[in-house]
Amino acid sequence: MTAEQIIQQILFFISAALTLGSAVMVVATRKLIQAALWLIVSLFGVAVLYALLDASFLVVVQVVVYIGAIAILFIFAVMLTQRDQRDKGPQLNKSWVLAALVGLATFGGLTFLVSSWTGFGAAAAPIPAGTVDMVADLGTALVSVDQYVLPFEVASVLLLAALIGAIYVAYNRK
Amino acid sequence: MNFWNDPVAFIADWLSGIFAGWGMPEFWSNLLVFAIGIFVLIAAIMVVDIFLVWIERKVVARFQDRLGPNRLGPYGLIQPFADIIKLLIKEDITPRTADKVVYNLAPILSMSSVLILWAIIPLAPLAWGVDLNVGVLYLVAAGAIGALSIIMAGWASDNKYALLGAFRQVATMISYEIPMVAALLIPVMLAGTMSMQGIVEAQTFGEPGVWFILVAPLAALIFAISSIAELGRSPFDLNEAESELVSGYHIEYSGMKFGMFYAGELLHAFTFGGFWGILFFGGYSVFGLETLPGLQWLSSPFIAVFMILVKALVGYWIIMWVKYTVPRIRIDHMLAFNWKILVPLSFTLIMLVAVLNKLLLGYGTLVYVAGMFLANVLLAIVTIMILGAYARRQRLAEEAALQIPARAAGD
Amino acid sequence: MPNPWVFIGLFIIIAAIIPIGAIVVALILGPKKPNPIKQSTYECGLETVGDSLVQFKAQYYVFALAFLIFDVEAVFLFPWAIAMNKMPLYVALEGVIFIVILVAGLVYTWRKGALEWV
Numbered sequence: 001m002t003a004e005q006i007i008q009q010i011l012f013f014i015s016a017a018l019t020l021g022s023a024v025m026v027v028a029t030r031k032l033i034q035a036a037l038w039l040i041v042s043l044f045g046v047a048v049l050y051a052l053l054d055a056s057f058l059v060v061v062q063v064v065v066y067i068g069a070i071a072i073l074f075i076f077a078v079m080l081t082q083r084d085q086r087d088k089g090p091q092l093n094k095s096w097v098l099a100a101l102v103g104l105a106t107f108g109g110l111t112f113l114v115s116s117w118t119g120f121g122a123a124a125a126p127i128p129a130g131t132v133d134m135v136a137d138l139g140t141a142l143v144s145v146d147q148y149v150l151p152f153e154v155a156s157v158l159l160l161a162a163l164i165g166a167i168y169v170a171y172n173r174k
Numbered sequence: 001m002n003f004w005n006d007p008v009a010f011i012a013d014w015l016s017g018i019f020a021g022w023g024m025p026e027f028w029s030n031l032l033v034f035a036i037g038i039f040v041l042i043a044a045i046m047v048v049d050i051f052l053v054w055i056e057r058k059v060v061a062r063f064q065d066r067l068g069p070n071r072l073g074p075y076g077l078i079q080p081f082a083d084i085i086k087l088l089i090k091e092d093i094t095p096r097t098a099d100k101v102v103y104n105l106a107p108i109l110s111m112s113s114v115l116i117l118w119a120i121i122p123l124a125p126l127a128w129g130v131d132l133n134v135g136v137l138y139l140v141a142a143g144a145i146g147a148l149s150i151i152m153a154g155w156a157s158d159n160k161y162a163l164l165g166a167f168r169q170v171a172t173m174i175s176y177e178i179p180m181v182a183a184l185l186i187p188v189m190l191a192g193t194m195s196m197q198g199i200v201e202a203q204t205f206g207e208p209g210v211w212f213i214l215v216a217p218l219a220a221l222i223f224a225i226s227s228i229a230e231l232g233r234s235p236f237d238l239n240e241a242e243s244e245l246v247s248g249y250h251i252e253y254s255g256m257k258f259g260m261f262y263a264g265e266l267l268h269a270f271t272f273g274g275f276w277g278i279l280f281f282g283g284y285s286v287f288g289l290e291t292l293p294g295l296q297w298l299s300s301p302f303i304a305v306f307m308i309l310v311k312a313l314v315g316y317w318i319i320m321w322v323k324y325t326v327p328r329i330r331i332d333h334m335l336a337f338n339w340k341i342l343v344p345l346s347f348t349l350i351m352l353v354a355v356l357n358k359l360l361l362g363y364g365t366l367v368y369v370a371g372m373f374l375a376n377v378l379l380a381i382v383t384i385m386i387l388g389a390y391a392r393r394q395r396l397a398e399e400a401a402l403q404i405p406a407r408a409a410g411d
Numbered sequence: 001m002p003n004p005w006v007f008i009g010l011f012i013i014i015a016a017i018i019p020i021g022a023i024v025v026a027l028i029l030g031p032k033k034p035n036p037i038k039q040s041t042y043e044c045g046l047e048t049v050g051d052s053l054v055q056f057k058a059q060y061y062v063f064a065l066a067f068l069i070f071d072v073e074a075v076f077l078f079p080w081a082i083a084m085n086k087m088p089l090y091v092a093l094e095g096v097i098f099i100v101i102l103v104a105g106l107v108y109t110w111r112k113g114a115l116e117w118v
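These protein sequence lines map, in sequence, to chains D, U and E.
129 is the number that the numbering used here gives to position 129 of the first sequence; each next residue is one higher, with no gaps.
400 is the number that the numbering used here gives to position 400 of the second sequence; each next residue is one higher, with no gaps.
113 is the number that the numbering used here gives to position 113 of the third sequence; each next residue is one higher, with no gaps.
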């Protein structure tokens, strides 16, 4: 392995640990806003993973949509709740052993599936530099009649449904 | 390689040569050269930022018929350094109930969210910085981090005013982000790329090869308005409405931490002036003169950097002009202006530009530019007429409501 | 270096180190004389009453919701805007349909009165 690949591996492990560790903190912390801030750290870790894969569009979309919009929405939602935001109850209920077992079983099963995949140890093929603009390709694919134009328009309808539904639920003018 | 044609590549090669002489592998020496380059760039930006304080104080003084700083050095030029020394030796006060980690992180994040914008600013025709193929969205993403830092500052201070200011500011920022993104779509559409370098080149060497201000003046206006709101500057400075909120989200900050918010705000305004120049005024190009025969020397990187700084300063001056002329507006008016005027207008503009751009491109540069310009102006006039009619109707309704009881009392 | 995010990653790290440096220098140079009055919450000379985490009005949440939907819309529109240059006219019309569908959502929100601040 070259120095570049080793560094990429190290960065991958750091950002994966950051993502998972802050995800644990989201459920472990007792202040709601702190949980939201840990969630942001976790989402940022995912953005770093995308950056390591050179997926520029996904990096910026991750930051713009998840950190810039969804996390802010969470924080606004938290500020709508009761004044005392500190959760004082126990953080685990009686069936935590069962939940842990199911979680471990799922993890084990997934690890088994992934390890039996042959492409696991192979290095990814490098992206030819400067020859393709992946965002332009994505755009062309989204609007070509023989490709994804229908999903593109349906996405708009889906967003419309989400907006109307959310406003209907959240906003009841008396 | 000639120093005068590409000074950065020249120095980078020279440095890599030195590091290679020390027996450093190529990968590490490349990384080190990058790091040195970035450090020099950010240090230079910070120096510019120091002088922005002086410019801001001098300009506001002139707008208010005062002299501004004029005691320290010629024209008060040493004043910002005195300010910095003062900030450095101030006591740093942290409220007892504050969330220490988040409280300290917020000013750093606020400053960095502005500094990282300079990674994608094309300072010269040769790709200095990085030519990111999603540059426009990177600009929006950095704005999201800025909004986050404000929420963090407001919440961690554990102060009602700070929290209220932060939430007002973020509500404004996210609302005005919609017309800003819509206005950003238009240069992307015209240039066919999201890279800043590509947008600048399209305005000089592209198909019509004109500045986008001529093709989409309304988009430039919407971008200017929404970026002023994004900056939280007057008339959209509700976050720090002194009479109600004392100073908004940074009320509990003192010393250098406050300085970070302050310097970050000034630099943010300057940077947005720069982006305005890049997206709509040809970036580093010298009015397109460098495409003419005999004037090729104008595309020298030194002139390019000078041009982009001049354009950024002009943009910054316009932002200051608005700030010190227009009074603050009410929050309900501000949000209504965004959601009921700017958002529908910007979406209409996208549709108009998308269709016209396709229809007119085959008819030569003059028809194309004139058609696009007139379509923009027409849309603006129609909007103003609709608004005028609506305002008149409302005024008449209120007058009628007031007059009937008044007359009844008089009789 | 092929991956531009190497450069941006370095840029982000250095852009964080410089403000941290300035704040640390100020911490070293500045005086440190804390006392309970100085460190109390600032509130126009009055004692602070109650928790600072006041409950906010639902309107903030509604605006954030609308923002989220239109933000996602804009993200979809960027690839469309890039592709449009190379594609025929009907591609522009596809985007127009996309926007018109979402403007219907804006009209609904408006008519419902959810865009009013009070």
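Think of the CB as a built atom: it goes at the ideal place given N, C-alpha and C, for glycine as much as any other residue.
The model shown is predicted, which means the values in this text are computed figures rather than measured ones.
8 Å Cβ cutoff met for residue i and residue j
i, j, result
"valine 130 of chain U", "alanine 119 of chain U", "yes"
"leucine 43 of chain D", "phenylalanine 12 of chain D", "no"
"lysine 100 of chain U", "glycine 30 of chain E", "no"
"isoleucine 42 of chain U", "alanine 15 of chain E", "yes"
"glycine 283 of chain U", "proline 122 of chain U", "yes"
"tyrosine 171 of chain D", "lysine 112 of chain E", "yes"
"leucine 160 of chain D", "glycine 95 of chain E", "no"
"alanine 83 of chain E", "aspartate 92 of chain U", "no"
"alanine 380 of chain U", "leucine 218 of chain U", "yes"
"isoleucine 222 of chain U", "leucine 117 of chain U", "no"
"valine 215 of chain U", "methionine 372 of chain U", "yes"
"phenylalanine 236 of chain U", "threonine 172 of chain U", "yes"
Boundaries of the alpha helix (DSSP H) in which residue i is found, first to last residue
i, result
"aspartate 332 of chain U", "331-336"
"tyrosine 363 of chain U", "Per DSSP, tyrosine 363 of chain U belongs to no alpha helix (DSSP H) and is neither H nor E."
"threonine 140 of chain D", "134-143"
"aspartate 71 of chain E", "58-83"
"tryptophan 321 of chain U", "301-323"
"proline 7 of chain U", "7-21"
"proline 125 of chain U", "Segment: none, proline 125 of chain U is in no alpha helix (DSSP H) and carries neither H nor E."
"leucine 298 of chain U", "Careful: leucine 298 of chain U lies outside any alpha helix (DSSP H) and carries neither H nor E."
"proline 151 of chain D", "149-170"
"valine 96 of chain E", "89-111"
"valine 97 of chain D", "96-115"
Backbone secondary structure at residue i - three-state DSSP
i, result
"methionine 33 of chain E", "Reading off the sequence, residue 33 of chain E comes out as lysine, not methionine. Correct three-state label for lysine 33 of chain E: coil."
"lysine 86 of chain U", "helix"
"lysine 100 of chain U", "helix"
"lysine 31 of chain D", "strand"
"methionine 1 of chain E", "Bear in mind that a pLDDT of 48 at methionine 1 of chain E, under 50, signals an unreliable position, so the model cannot answer this."
"proline 80 of chain U", "helix"
"arginine 66 of chain U", "coil"
"tyrosine 42 of chain E", "coil"
"serine 56 of chain D", "helix"
"serine 346 of chain U", "helix"
"threonine 94 of chain U", "coil"
"valine 286 of chain U", "coil"
"asparagine 2 of chain U", "coil"
"threonine 2 of chain D", "coil"
"asparagine 159 of chain U", "coil"
"lysine 174 of chain D", "Bear in mind that a pLDDT of 46 at lysine 174 of chain D, under 50, signals an unreliable position, so the number given afterwards is only what the model happens to contain. Looking at lysine 174 of chain D - three-state DSSP - the assignment turns out to be coil, as it is neither helix nor strand."
"glycine 277 of chain U", "helix"
"aspartate 113 of chain U", "Correcting the residue identity first, residue 113 of chain U is serine in this sequence and not aspartate. The answer is helix: DSSP assigns serine 113 of chain U an H, G or I state."
Nearest-angstrom beta carbon gap, residue j and residue i [assumed within contact, 8 Å]
i, j, result
"phenylalanine 27 of chain U", "alanine 3 of chain D", "5 Å"
"isoleucine 167 of chain D", "tyrosine 108 of chain E", "7 Å"
"proline 301 of chain U", "aspartate 6 of chain U", "7 Å"
"tryptophan 155 of chain U", "valine 102 of chain U", "7 Å"
"alanine 166 of chain U", "tyrosine 249 of chain U", "4 Å"
"methionine 320 of chain U", "glutamate 56 of chain U", "7 Å"
"proline 95 of chain U", "glutamine 39 of chain E", "6 Å"
"proline 208 of chain U", "tyrosine 368 of chain U", "5 Å"
"alanine 69 of chain D", "phenylalanine 67 of chain E", "6 Å"
Distance cut-off 7 Å: residue i Cβ against heavy atoms of the ligand FMN
i, result
"valine 355 of chain U", "No copy of the ligand FMN occurs in the structure displayed, which carries no ligand at all."
**Request:** Counting only runs of 4+ residues fully inside the stretch 197-247 of chain U, write out the alpha helix (DSSP H) ranges in chain order.
**Result:** List check, alpha helix (DSSP H) in window: 212-215, 217-231 and 242-245.
**Message:** List, from N- to C-terminal side, the beta strand (DSSP E) runs of 3 residues or more that fit wholly inside the stretch 21-61 of chain U.
**Reply:** Qualifying beta strand (DSSP E) stretches: none in this window.
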